[in-house]
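First the structure, in the form of structure tokens, and then the observations on it.
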Amino acid sequence: MKKRSRDSLNFEMTPLIDVVFLLLIFFMVSTVFKKDELALLLSLPEASKGEGMGQEKRLVVIELSQDDIAYNGAQLTAEELDSKLSAIEDKKTPVDLRIDKDVRYEKIVTVLDKLKLHQLFNLTLVTKSAQSSK
Numbered sequence: 041m042k043k044r045s046r047d048s049l050n051f052e053m054t055p056l057i058d059v060v061f062l063l064l065i066f067f068m069v070s071t072v073f074k075k076d077e078l079a080l081l082l083s084l085p086e087a088s089k090g091e092g093m094g095q096e097k098r099l100v101v102i103e104l105s106q107d108d109i110a111y112n113g114a115q116l117t118a119e120e121l122d123s124k125l126s127a128i129e130d131k132k133t134p135v136d137l138r139i140d141k142d143v144r145y146e147k148i149v150t151v152l153d154k155l156k157l158h159q160l161f162n163l164t165l166v167t168k169s170a171q172s173s174k
């Protein structure tokens, strides 16, 4: 009987490696990367149900629009807001946060980070009711 040669069972790796690198280069070139992860635009939801807060006087009202930040009706910069929040002694002070639906999420996160930094956790997100917008 004739023995089979083991030399014929060798597998060439060079073409396989070439193909793998070509695929890797193809996917790297064709991938689309997100450019601005923090500048997400949100359309914040309306609340159809919820409990009103009653007539309790709110000590802090922060309003965010596309261009401005207001603290109890006075327009401020982010640094001025930081100093106003640091002046609050009672950490259980209720904070109403009113956000325009066109505000960039990055700005919302900045204000929330400032509230967290000053340990103001009694936060209410104010929305308009769905019935009033009809």
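Residue numbers (this note's numbering): 41 to 174.
Every residue gets a Cβ at the ideal spot worked out from N, C-alpha and C, and that includes glycine.
Computed from a prediction, not measured in an experiment: that's the story for all the values here.
| query | result |
| --- | --- |
| LYS154 burial status per 10 Å Cβ neighbour count (16 or more: buried) | buried |
| Three-pair Cβ contact test at 8 Å for the segment 141-152 versus the segment 99-107 | yes |
| ALA110 in three-state terms, based on DSSP | strand |
| Three-state secondary structure (DSSP) of VAL135 | strand |
| Three-way DSSP call (helix, strand, coil) for ILE102 in this model | strand |
| ILE139, buried or exposed, once every other Cβ within 10 Å from all chains shown has been counted against 16 | buried |
| Outcome for ALA79 when other beta-carbon atoms lying within 10 angstroms are tallied against a minimum of 16 | A caution first: ALA79 carries a pLDDT of 39, below 50, which makes its placement in the model too unreliable to give a value. |
| Other residues of its chain near LEU82: CB distance less than 6 Å, five sequence neighbours each side excluded | Confidence is the limiting factor: at LEU82 the pLDDT is only 44, short of 50, which leaves the residue's position unreliable, though a coordinate-based value still follows. For LEU82, where only same-chain residues beyond five positions count, the Cβ hits under 6 Å are TYR145. |
| Own chain residues within Cβ distance below 7 Å of LYS131, not counting five before or after | GLN159 and LEU160 |
| For THR164, the first and last residue of its enclosing beta strand (DSSP E) | 163-166 |
| N- and C-terminal bounds of the alpha helix (DSSP H) containing MET68 | 54-70 |
| Residue span of the alpha helix (DSSP H) that contains ILE148, given as start and end | 145-157 |
| Span separating the alpha-carbon of LEU63 from that of VAL143 | 41 Å |
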